[in-house]
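Here's the structure, in structure tokens; my notes come after.
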Amino acid sequence: MVAMLEEMGEKGLLTMETFSVAIKTFAEANQRKKAAGIFDLMKKYEFKVGVDVINFLLDSLSAAKLGKEAQAVFEKQGVE
1 MVAMLEEMGE KGLLTMETFS VAIKTFAEAN QRKKAAGIFD LMKKYEFKVG VDVINFLLDS
61 LSAAKLGKEA QAVFEKQGVE
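So for the sequence shown, full-length UniProt numbering puts the first residue at 1; every next one is plus one.
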């Protein structure tokens, strides 16, 4: 999925909705690091990683019963 997102980025096809779907998909698959890694991809393609995006990630992780992982992401992420 990450390779597909990279290709979409190169073609200018990424949207905030695309990132939201990716975050939710990785969270539901218990892949916290990949879900959090979407932030790096967003920054690479000049999308703003703000409070709303971090909250969405935390909500997605919590919904997937990954509370400890959500807390770790919260403590690690800086909000611009």
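Where a beta carbon is used, it is the ideal one built from N, C-alpha and C, also for glycine.
Have a look at L41 and E6 and give me their C-alpha separation to the nearest angstrom. What you label residue 41 is simply residue 41 of the sequence shown in a count that begins at 1. What you label residue 6 is simply residue 6 of the sequence shown in a count that begins at 1. Cα-Cα distance, rounded: 8 Å.
Roughly how many angstroms separate the alpha carbons of K76 and K33, rounded to a whole number? Position 76 of the sequence shown, counting from 1, holds the residue named residue 76. Position 33 of the sequence shown, counting from 1, holds the residue named residue 33. If you take the alpha carbons of K76 and K33, they lie about 12 Å apart.
Report the residue from K48, K68, G37, V73 whose alpha carbon sits nearest the alpha carbon of V2. Working through the sequence shown from its first residue, we reach residue 2 at position 2. Out of K48, K68, G37, V73, G37 has the C-alpha closest to the C-alpha of V2.
Buried or exposed, going by whether 16 or more other CB atoms sit within 10 Å of the CB of A63? As a working mapping, residue 63 is identified with position 63 in the sequence shown. Answer is exposed; the Cβ neighbour count stays below 16.
By Cβ distance, which residues of its chain are closer than 8 Å to Y45, with the 5 residues on each side in sequence left out? The residue you call residue 45 lines up with position 45 of the sequence shown. Excluding residues within five positions, the ones whose Cβ falls inside 8 Å are G9, L14.
Out of L66, M4, K43, which has the shortest C-alpha to C-alpha gap to A22? Here residue 22 is taken as the residue at index 22 of the sequence shown, counted from 1. For A22, the nearest C-alpha among the options comes from M4.
Among T25, A27, K68, F39, which one has its Cα closest to the Cα of I54? For the purposes of this step, residue 54 is taken as residue 54 along the sequence shown, with counting starting at 1. The residue with the shortest Cα to Cα distance from I54 is F39.
Residue burial classification, A35 (beta-carbon count within 10 angstroms, cutoff 16): Counting from one through the sequence shown, the residue named residue 35 turns up at place 35. Buried is the call here.
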